[in-house]
Amino acid sequence: MTELMVSRVIEDVATLKALADPIRMRVLELAMSEPERTWTAKELARIIGVPPTKIYYHLNQLEQHQLVHIRDTRVVNGIIEKQYGAGQLNLTFHRRSGDEPSPAQEIVSTLLGQTRDEIEGGLNAGTISASSEAPDPVRMVLSRNVAEIPQHRIAEFRQEMLALMRRFDEASVAREGGAGGHRFAMLVAMHPLGRP
């Protein structure tokens with residue numbers, strides 16, 4: 018079995034392009050949300066809402082770039098069924114100088130669009146509330162902050178943000194004594210701003 022990486026930095030254009038697809042991003046999000054679990058193509062297709070025949074192409078793309086791994090296989094009705102799992106707990110994107118910016122821009126567009134669609138869908142369905150009085154399981158927090166961070170502490174700030182997300186996600190993986198948790202999506206973007 019391939020070992021699960023804690024963090025992976027994506028900096029090659031081919032992998033960035035492989036990620037610039039809403040279906041592949043959703044597959045990866047599911048796999049990384051429960052890193053110890055394995056998923057069959059049929060399970061992923063059902064949850065995402067695409068035909069099983071379509072999901073195989075996307076799984077192959079993710080597997081080629083080692084974003085998901087085949088963790089197990091078994092024979093079901095004479096057909097080999099693969100069990101997929103995440104290749105890492107979290108991803109960081111880094112564009113090397115000289116690379117074409119379009120794949121990174123596609124990923125940004127995909128992630129922002131997916132987040133917008135999930136929030137709008139939840140607000141319309143009543144499963145998300147923007148009210149500060151709403152119960153925690155349905156309350157959305159949407160915030161944009163600007164912080165001035167000393168140059169020598171920028172890396173520390175990034176690491177602390179990632180560590181905080183991992184700490185709470187690890188608690189859900191452990192199931193905190195068997196109690197089911199509520200799933201939340203977080204889109205974290207830290208980008209430099211030009212001087213005013």
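Read in order, the letters of the sequence shown are residues 18 to 213 in the working numbering. In this text, a Cβ means the ideal position worked out from N, Cα and C, and glycines have one as well.
C-alpha gap between residue i and residue j, whole angstroms
| i | j | result |
| --- | --- | --- |
| residue 101 | residue 56 | 5 Å |
| residue 67 | residue 75 | 11 Å |
| residue 107 | residue 185 | 13 Å |
| residue 125 | residue 204 | 10 Å |
| residue 170 | residue 207 | 14 Å |
| residue 176 | residue 94 | 47 Å |
| residue 27 | residue 48 | 17 Å |
| residue 178 | residue 21 | 21 Å |
Among the options, the one whose alpha carbon lies nearest that of residue i
| i | options | result |
| --- | --- | --- |
| residue 137 | 157, 182, 42 | 157 |
| residue 129 | 148, 73, 43 | 43 |
| residue 59 | 53, 48, 73, 51 | 73 |
| residue 123 | 52, 173, 32, 169 | 32 |
| residue 199 | 174, 146, 166, 155 | 155 |
| residue 98 | 69, 78, 109 | 69 |
| residue 210 | 182, 183, 163 | 163 |
| residue 80 | 180, 140, 104, 90 | 104 |
Bridge-paired residues (DSSP) for residue i
| i | result |
| --- | --- |
| residue 26 | 109 |
| residue 40 | Paired residues: none, contrary to the question. |
| residue 156 | 146 |
Within-7 Å CB hit, residue i to chain D
| i | result |
| --- | --- |
| residue 162 | This model lacks chain D altogether, as it is built from one protein chain only. |
Given 8 Å, three or more beta-carbon pairs between the segment 21–39 and the segment 79–94: yes
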